[in-house]
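If you're matching positions, the sequence shown starts at 51 in the numbering used here and goes up one per residue. Don't be surprised by glycine CBs; every beta carbon is placed ideally from N, CA and C. Note that the structure is a prediction, hence the values are computed from the model and not measured.
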Amino acid sequence: DHEAIRRRSGARVRRASWKRRRSGEGVRVGSNGRASQGLSIDTSVEGFDKGRSRENERTNDRTIDRSGEEGDDERTRRRGRKRKGEGERGARRVESASRGLSIDTSFGGFDARTGVWSRGKGKMEAPTKMKEVLTGTTIIACTYDGGVILGADSRTSSGNYVANKVADKITKVCDKVYLCRSGSAAHTQAVAGYANLYLNQHAIELGDKGCSVKAAANIVKEIAYGNKAWMNAGMIIAGWDKKEKGKVFVVPLGGTLMDVPFAVGGSGSIYINAFVDRNWKPNMTKEECKSFVRKAVSLAISRDGSSGGVIRTVTVNEHEQVKEFVTGNEVPVYQDEIQSKGPPQVEFVSV
51 DHEAIRRRSG ARVRRASWKR RRSGEGVRVG SNGRASQGLS IDTSVEGFDK
101 GRSRENERTN DRTIDRSGEE GDDERTRRRG RKRKGEGERG ARRVESASRG
151 LSIDTSFGGF DARTGVWSRG KGKMEAPTKM KEVLTGTTII ACTYDGGVIL
201 GADSRTSSGN YVANKVADKI TKVCDKVYLC RSGSAAHTQA VAGYANLYLN
251 QHAIELGDKG CSVKAAANIV KEIAYGNKAW MNAGMIIAGW DKKEKGKVFV
301 VPLGGTLMDV PFAVGGSGSI YINAFVDRNW KPNMTKEECK SFVRKAVSLA
351 ISRDGSSGGV IRTVTVNEHE QVKEFVTGNE VPVYQDEIQS KGPPQVEFVS
401 V
């Protein structure tokens, strides 16, 4: 029977192949009688080694532990522990990212749960927090017989750091109307920009009449009051118009609008309130008013660490808009100040 002969010969081939595989010789034959991994039948030892290495790769190095080496069970446990560690670190990264952080706390950094910085395993240092740039300032505006004079120092600070020593804190918002700025530099610059835009449009509508100082002050007040929850800005609006002549308005923190004959503001104003109350008088001449403004700002500079630099003044009346400044080496030096150059020029405040 030919069929029985074929079955017997096939069985003999399979048994011989199995014996060679056990003894390390010959080809590795699959259950279907073909060479595994698509190799041609090779009865040499090298051919068997090729098949064996391919088989090891395909089964992901799952070999039988016969020589005392690490087995499948231990390898599986080790891989499981590694995946668990990676999962925990990933969870910490996800938690940090959900709170707006991108620092892996397992290696040090900011811990969102405790709110503190830690070095961890590395040498990470807490970054220096940048402080808001402030026009820590002395500003003043005063009426005189025929117009107004505005004055300010020129120091812009960020904490203990002087960001700008020659800043211009007196900004023109429309013809013959100026804005003195104190507080956050960014906030006050934004207010001045918007006020300038609205007032220029308003001036086009009015034509030859021009904008009034009161209209400019009301626009600044609306912006400050509408954003009082977050805005850090104290401003003085002063100028001259045909209807009311020289006028001064003050808009402190919170957006209140006050019509006053003179106003002081900024961090340096607390040092000169008594001087201003004692020495201001109505209907001063232009020269008297200018001297009064410059002396007030120089006194504030001598006491306030956030005020300094040059003294800028703007004179506004019916016929002129004049911007002037006193250089830093010409600013008066007072009793307890150290003078850097030249002979002593100590100026005493008259009572």
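- Bridge-paired residues (DSSP) for W290: Locating residue 290 in the sequence shown gives position 240, where the first residue counts as 1. Paired residue(s): G296.
- Item | Rounded straight-line distance, which links the Cα of G243 to that of T221 | On the sequence shown, residue 221 is found 171 positions in, with the first residue counted as 1. On the sequence shown, residue 243 is found 193 positions in, with the first residue counted as 1. Answer to the nearest angstrom: the Cα atoms are 9 Å apart.
- Just reading off the alpha helix (DSSP H) that D218 is part of, what are its end residues? On the sequence shown, position 168 is the one that residue 218 refers to. No alpha helix (DSSP H) contains D218, which DSSP labels as neither H nor E.
- Pick helix, strand or coil for A253, following the three-state DSSP scheme. Along the sequence shown, read from residue 1 onward, the residue named residue 253 stands at position 203. If DSSP states are grouped into helix, strand and coil, A253 belongs with the helices.
- Query: Given 8 Å as the limit, is there contact between the segment 191 to 198 and the segment 353 to 368, that is, 3 or more CB pairs closer than that?
  - Reply: Three or more beta-carbon pairs separated by less than 8 Å link the segment 191 to 198 to the segment 353 to 368, which places the two stretches in contact.
- Could you tell me whether the Cβ atoms of T188 and S319 are closer together than 8 Å? Numbered from its first residue, the sequence shown carries residue 188 at position 138. Numbered from its first residue, the sequence shown carries residue 319 at position 269. Taking 8 Å as the Cβ cut-off, T188 and S319 qualify as a contacting pair.
- Have a look at K219, N214, N250 and flag the residue whose alpha-carbon is nearest the alpha-carbon of E374. Taking the first residue of the sequence shown as 1, we reach residue 374 at position 324. When C-alpha distances from E374 are compared across K219, N214, N250, the shortest belongs to K219.
- Message: I need the boundaries of the beta strand (DSSP E) containing W208, first residue and last residue.
- Response: Taking the sequence shown and counting its residues from 1, the one referred to as residue 208 is at position 158. Looking at the sequence shown, residue 208 is not Trp but Ser. Judged by DSSP secondary structure, S208 falls within the beta strand (DSSP E) whose first and last residues are 206 to 208.
- Task: Just tell me which of A245, K226, V381, I254 has its CA closest to the CA of S20.
- Result: This structure cannot speak to residue 20, because the chain is shown only from 51 to 401.
- Just how far apart, CA to CA, sit I254 and P302? For the purposes of this step, residue 254 is taken as residue 204 along the sequence shown, with counting starting at 1. For the purposes of this step, residue 302 is taken as residue 252 along the sequence shown, with counting starting at 1. When rounded, the separation of the alpha-carbon atoms in I254 and P302 is 29 Å.
- Message: Since F325 and L349 should fall inside the 8 Å C-beta cutoff, what is the C-beta to C-beta distance between them, to a whole number of angstroms?
- Response: One-based indexing of the sequence shown puts residue 325 at position 275. One-based indexing of the sequence shown puts residue 349 at position 299. The pair is a contact, with the Cβ atoms about 6 Å apart (cut-off 8 Å).
- Item | Nearest neighbour of Y211, chosen from Q371, E338, S356 [CA to CA] | Walking along the sequence shown from the start, residue 211 turns up at place 161. When only C-alpha atoms are compared, the closest one is S356.
- Less than 8 Å separating the beta-carbons of D402 and G378? The chain is shown only over 51 to 401; residue 402 falls outside these bounds and no answer can be derived.
- How many Å lie between N268 and Y384 at the Cα? As a first step, residue 268 must be located in the sequence shown, where it is residue number 218. As a first step, residue 384 must be located in the sequence shown, where it is residue number 334. Take the alpha-carbon of N268 and the one of Y384: they are about 39 Å apart.
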